[in-house]
Amino acid sequence: MLSPLMGKHLDITLVRGYLRGTPAPALGSGAELPWVPQGTPLLEPPPGGSGNGPRYCTTVPSPHGGPPVLEMPISFSQRSFFPVQLSLCTGGPPTRVLWDAVVRRAGQLFSRSCNGRLLLLRGKVSWGIAIQPPPRQVQSLRLGGEGYGEGPSPEIQVGRRYMMLLALLLGLLISPSPLLNAYAATIPKSVFAHVVVGILSSYTQSQWAQEISDAKASGIDAFALNIGKDSYTQTQLGYAYAAAKAAGNFKMFISFDFAYYSLPSDTNLIVQIINSHASSSAQYKVDGKPLVTTFIGDNQDWSGVKSRTNIFLAPNWADPNSIASNSLVEGGYPWNAWGTVNNRGVPDPYTNMVNQDSTWKSVLGSKLYFAPISPWFFTHYAPNSYNKNWIFPTEDLYLTRWQNLLRTSPPAIYQLTWNDYSESTYIAPLRSDSNLYPAGASAWTSNMPHDGFRLIQHAFVKAYKAGASSPIISSDKIVYWYRIQSKDAQCNDPTGRPDAYQYVSDTLFVITLFTSPARLEVKSGPVYFRYNVGAGVVMTKVPIQAGEQRFTIIRNGTPVRHGISPRQFTTGCPSNVYNFNVYVGVV
Numbered sequence: 001m002l003s004p005l006m007g008k009h010l011d012i013t014l015v016r017g018y019l020r021g022t023p024a025p026a027l028g029s030g031a032e033l034p035w036v037p038q039g040t041p042l043l044e045p046p047p048g049g050s051g052n053g054p055r056y057c058t059t060v061p062s063p064h065g066g067p068p069v070l071e072m073p074i075s076f077s078q079r080s081f082f083p084v085q086l087s088l089c090t091g092g093p094p095t096r097v098l099w100d101a102v103v104r105r106a107g108q109l110f111s112r113s114c115n116g117r118l119l120l121l122r123g124k125v126s127w128g129i130a131i132q133p134p135p136r137q138v139q140s141l142r143l144g145g146e147g148y149g150e151g152p153s154p155e156i157q158v159g160r161r162y163m164m165l166l167a168l169l170l171g172l173l174i175s176p177s178p179l180l181n182a183y184a185a186t187i188p189k190s191v192f193a194h195v196v197v198g199i200l201s202s203y204t205q206s207q208w209a210q211e212i213s214d215a216k217a218s219g220i221d222a223f224a225l226n227i228g229k230d231s232y233t234q235t236q237l238g239y240a241y242a243a244a245k246a247a248g249n250f251k252m253f254i255s256f257d258f259a260y261y262s263l264p265s266d267t268n269l270i271v272q273i274i275n276s277h278a279s280s281s282a283q284y285k286v287d288g289k290p291l292v293t294t295f296i297g298d299n300q301d302w303s304g305v306k307s308r309t310n311i312f313l314a315p316n317w318a319d320p321n322s323i324a325s326n327s328l329v330e331g332g333y334p335w336n337a338w339g340t341v342n343n344r345g346v347p348d349p350y351t352n353m354v355n356q357d358s359t360w361k362s363v364l365g366s367k368l369y370f371a372p373i374s375p376w377f378f379t380h381y382a383p384n385s386y387n388k389n390w391i392f393p394t395e396d397l398y399l400t401r402w403q404n405l406l407r408t409s410p411p412a413i414y415q416l417t418w419n420d421y422s423e424s425t426y427i428a429p430l431r432s433d434s435n436l437y438p439a440g441a442s443a444w445t446s447n448m449p450h451d452g453f454r455l456i457q458h459a460f461v462k463a464y465k466a467g468a469s470s471p472i473i474s475s476d477k478i479v480y481w482y483r484i485q486s487k488d489a490q491c492n493d494p495t496g497r498p499d500a501y502q503y504v505s506d507t508l509f510v511i512t513l514f515t516s517p518a519r520l521e522v523k524s525g526p527v528y529f530r531y532n533v534g535a536g537v538v539m540t541k542v543p544i545q546a547g548e549q550r551f552t553i554i555r556n557g558t559p560v561r562h563g564i565s566p567r568q569f570t571t572g573c574p575s576n577v578y579n580f581n582v583y584v585g586v587v
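Take 1 as the starting number for the sequence shown in the UniProt record's numbering and just add one per residue.
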């Protein structure tokens with residue numbers, strides 16, 4: 001027995017409906033009868049009891065003669081639906097009927113079953129619908145069943161024939177349902193990482209191979225190759241694709257940086273770059289189409305590119321409505337992975353991220369949504385340089401965001417970034433190549449590794465891909481992070497403190513990844529802190545003290561792991577630079 005959708009609000013609005021009469025003396029073949037007015041909410045409760053779940057009924061006249069063919073294009077506020085369970089609402093408790101369901105998803109037949117018969121009545125008949133969550137991205141749905149009496153079997157067709165959406169209750173509009181869209185893409189759960197190619201001017205293929213190896217070990221499936229118009233761009237793309245092909249089980253896709261590109265003027269160049277790598281076995285594809293993303297570039301005209309390529313376009317545009325309404329665009333993602341407002345840091349980024357996800361998923365409907373995540377953001381350029389001096393406070397966001405994404409399980413997760421050292425968003429290892437740290441960024445990135453973020457990511461990615469409800473841990477580890485100087489430190493730094501610095505705290509964040517409960521002992525400066533910590537991934541916030549930071553795991557009275565951070569915390573400013581980057585260590 002299929003269980004209906006329980007405990008969720010569901011809005012259904014009629015787009016258009018009519019009865020097509022089957023051969024009968026009074027009607028003839030193909031006659032159309034009036035149904036209910038366009039836009040009628042199908043939200044009446046079934047008469048005579050609630051049954052086993054929510055049902056949404058409307059009243060239709062039954063034609064004379066044999067059973068009708070009912071065509072009912074409707075729009076749903078939920079993302080997609082399968083299976084649909086049809087109930088016959090009579091004067092008493094509804095008679096439940098399971099219909100023959102043929103589901104077509106990405107062109108493939110999924111399932112078919114026949115478990116019931118329809119009892120036809122003369123006069124008025126109410127059709128009730130109960131719906132449960134589906135496999136993701138149903139492209140079209142056809143339902144049918146057998147009926148008593150003469151005439152052909154009745155059918156219900158929920159399809160994409162009528163694309164116009166109507167107002168729901170309270171005059172709200174909803175996004176197109178996947179059942180009504182002409183195309184709904186499917187991808188395996190994937191994790192992408194944004195790679196700034198512009199800082200990799202001297203990279204070799206072997207260096208790309210090392211980046212790929214490190215990324216694969218943390219659960220990343222593909223690099224989004226952010227490119228401008230540098231002289232070495234094509235060379236580096238060649239190395240990247242070749243290294244991914246040699247590594248196996250790792251993909252690449254191109255992300256055009258529209259700080260440098262413009263359409264339609266750059267159509268030929270963009271087409272040439274796309275088609276140069278589209279046939280590579282290392283190209284990430286969505287339903288057979290090479291994935292292409294962007295950095296910004298809102299509402300650029302992609303018609304010329306789309307006519308000469310077979311791409312799946314998922315840009316980073318500020319307004320999700322622009323993506324939803326553009327027929328050339330199949331998906332998208334926001335750049336805001338830090339919960340900012342008007343590009344300013346806020347004290348509660350997590351709530352903003354959750355709200356952003358909800359808005360984007362609702363607006364995009366069946367178009368693919370890539371959920372962004374980032375571990376940190378700090379940049380410190382003076383007004384006479386890039387004039388970027390701010391921090392986005394995300395002290396515990398990396399963990400809480402991963403917990404959120406594990407619950408919501410988006411089609412793909414977009415890590416921002418792999419290697420943007422200048423903005424402190426990197427999770428890649430620090431490298432010795434000085435070209436990676438442009439325009440003085442080494443002042444806040446030198447000896448400030450973020451490797452521990454990849455360990456946290458890996459535990460969550462394994463669970464995300466396996467459909468597990470909690471991160472998967474194979475051995476005990478501690479990941480910790482903190483800023484190396486107090487937010488109130490006084491520095492002889494003409495650039496000044498970064499914007500939003502007041503929202504951060506002087507805190508040591510300790511993430512335990514334990515296979516079983518243990519005791520965590522932290523010695524911060526001269527002060528000991530002791531905590532009983534459960535199994536799994538747990539965050540402990542320690543009021544950091546000036547000096548050395550020590551960590552010990554004790555289980556059954558015996559120390560099982562111990563480590564000392566190589567960076568001390570200070571209330572002064574020995575470097576005379578306001579450094580609000582974060583040091584990440586592993587025990």
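Built from N, CA and C at the ideal position, the CB exists for glycine as well.
{"Item": "So is K541 buried or exposed if we call it buried at 16+ other beta carbons inside 10 Å?", "Value": "exposed"}
{"Item": "If I follow the unbroken alpha helix (DSSP H) through F514, where does it start and stop?", "Value": "From DSSP, F514 is part of no alpha helix (DSSP H) but of the beta strand (DSSP E) over T507 to F514."}
{"Item": "Would you check if the region 466-485 and the region 504-511 touch, i.e. whether three or more CB-CB distances between them fall below 8 Å?", "Value": "yes"}
{"Item": "Is D257 near F295, with beta carbons less than 7 Å apart?", "Value": "yes"}
{"Item": "Given V504, which residues of its chain have a CB within under 8 Å of its CB, disregarding the five upstream and five downstream residues?", "Value": "I391, P393, E395, R483, K487 and F580"}
{"Item": "Relative to the C-alpha of Q485, which residue among S470, H450 and Q545 is closest?", "Value": "Q545"}
{"Item": "With DSSP as the reference, identify every bridge partner of M539, one or two as the case may be.", "Value": "I511"}
{"Item": "Does V197 come out as helix, strand or coil in the three-state DSSP assignment?", "Value": "helix"}
{"Item": "Going by DSSP in three states, D319 sits in which element: helix, strand or coil?", "Value": "coil"}
{"Item": "Nearest to L225 by CA position, among K245, S374, G219 and H194, is which residue?", "Value": "H194"}
{"Item": "Where do the ends of the beta strand (DSSP E) carrying T294 lie?", "Value": "K289 to F295"}
{"Item": "Which residues in the same chain have their Cβ closer than 7 Å to the Cβ of S280, if we skip the five residues on either side of it in sequence?", "Value": "Y241 and K245"}
{"Item": "Using a beta-carbon distance below 7 Å, is K229 in contact with chain C?", "Value": "Looking at the structure shown, chain C is missing, and only one protein chain is on hand."}
{"Item": "Given V329, which residues of its chain have a CB within under 6 Å of its CB, disregarding the five upstream and five downstream residues?", "Value": "L313 and I323"}
{"Item": "Just confirm the distance between the C-beta atoms of G496 and Y578, as a whole number of angstroms; I'd bet it's less than 8 Å.", "Value": "7 Å"}
{"Item": "Please determine if the region 560-580 and the region 528-537 are in contact, where contact requires at least 3 C-beta pairs separated by less than 8 Å.", "Value": "no"}
{"Item": "If you compare alpha carbons, which of H277, Q272, R308 and Y333 is closest to D298?", "Value": "Y333"}
{"Item": "Which residues bound the beta strand (DSSP E) around G304?", "Value": "Counting along the chain, G304 falls outside any beta strand (DSSP E), though it belongs to the alpha helix (DSSP H) covering S303 to R308."}
{"Item": "Along the chain, where does the alpha helix (DSSP H) that runs through F460 open and close?", "Value": "D451 to A466"}
{"Item": "Specify, as a first and last residue, the run of the beta strand (DSSP E) that I484 falls within.", "Value": "Note, I484: premise wrong, no beta strand (DSSP E); not H, not E."}
{"Item": "Go ahead and label V582 buried or exposed: buried means 16 or more other beta carbons lie within 10 angstroms of its beta carbon, across all protein chains shown.", "Value": "buried"}
{"Item": "Sort out for me which residues DSSP pairs M252 with in a bridge.", "Value": "F223 and Q283"}
{"Item": "Report buried or exposed for Y528, applying the criterion of at least 16 other Cβ atoms within 10 angstroms of its Cβ.", "Value": "exposed"}
{"Item": "According to DSSP, is V363 part of a helix, a strand, or is it coil?", "Value": "helix"}
{"Item": "State yes or no: is the C-beta of D214 within less than 7 Å of the C-beta of S190?", "Value": "no"}
{"Item": "Over what stretch of residues does the alpha helix (DSSP H) that includes K245 continue unbroken?", "Value": "T233 to A247"}
{"Item": "What did DSSP end up calling G547 once you bin it into helix, strand or coil?", "Value": "strand"}
{"Item": "Mapping the DSSP letters down to three states, classify Y183 as helix, strand or coil.", "Value": "Unreliable placement is indicated for Y183, whose pLDDT of 46 sits below 50; the coordinate value is still reported in the next sentence. DSSP places Y183 in coil when its eight states are reduced to three."}
{"Item": "State the DSSP-derived secondary structure class of I478, mapped to helix, strand or coil.", "Value": "strand"}
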